[in-house]
Amino acid sequence: GLLGGSNGHTTAFYELANADASADHYRMLPEQQFSAIRDMRTKGLRMLAIWHSHPATPARMSEEDLRLAFTPDTVYLILSLAVPGAPDLRGFILQDGRAEPVELVITNKEPT
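Residue numbers for the sequence shown follow my numbering, so the first one is 33 and each next one is one higher.
Have a look at this one:
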């Protein structure tokens, strides 16, 4: 899916279907992706993150994730569900073709 917001604060959440209908691969449906981005623009937001889950593998960008990554200024969020009852959310940004970890701060406060 996609997260939208401003000034580094997420205010919009877009859940997008997996076009591949697979637990091993994730590909956004283009029409849903464009609709979400259009909605963000209408609201004056920018795309802050692209997220998806890894049901059975760690919260890291896989080789396929890196191959399909197309926005170097966007955070990629990976949610691992590999350990039952212990979800692991990690963020990455692309630098020189590598996934570099970023610090995530999760709050329920409205941005000021």
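We put the beta carbon where it would ideally sit given N, CA and C, even for glycine.
The three-state secondary structure of M93, taken from DSSP, is coil.
Just so you know, the alpha carbons of Y58 and D71 end up roughly 22 Å apart. Counting the other CB atoms within 10 Å of its CB gives L48 a total of 16 or more, which places it among the buried residues.
If you draw a straight line from the Cα of A44 to the Cα of W83, it comes to about 13 Å. Judged by DSSP in its simplified three-state form, F102 adopts coil rather than helix or strand. In the displayed model, R59 falls within coil according to three-state DSSP, outside both helix and strand. Residue range 78-86 is occupied by the beta strand (DSSP E) that includes I82. The stretch 86-99 makes contact with the stretch 123-137; the number of CB pairs closer than 8 Å reaches 3 or more. No Cβ-Cβ contact shorter than 7 Å links L34 with M93.
Cβ-Cβ distances below 7 Å link A91 to I110, L111, S112, D120, L121, R122 in the same chain, with the five nearest sequence neighbours on each side left out; the list follows chain order.
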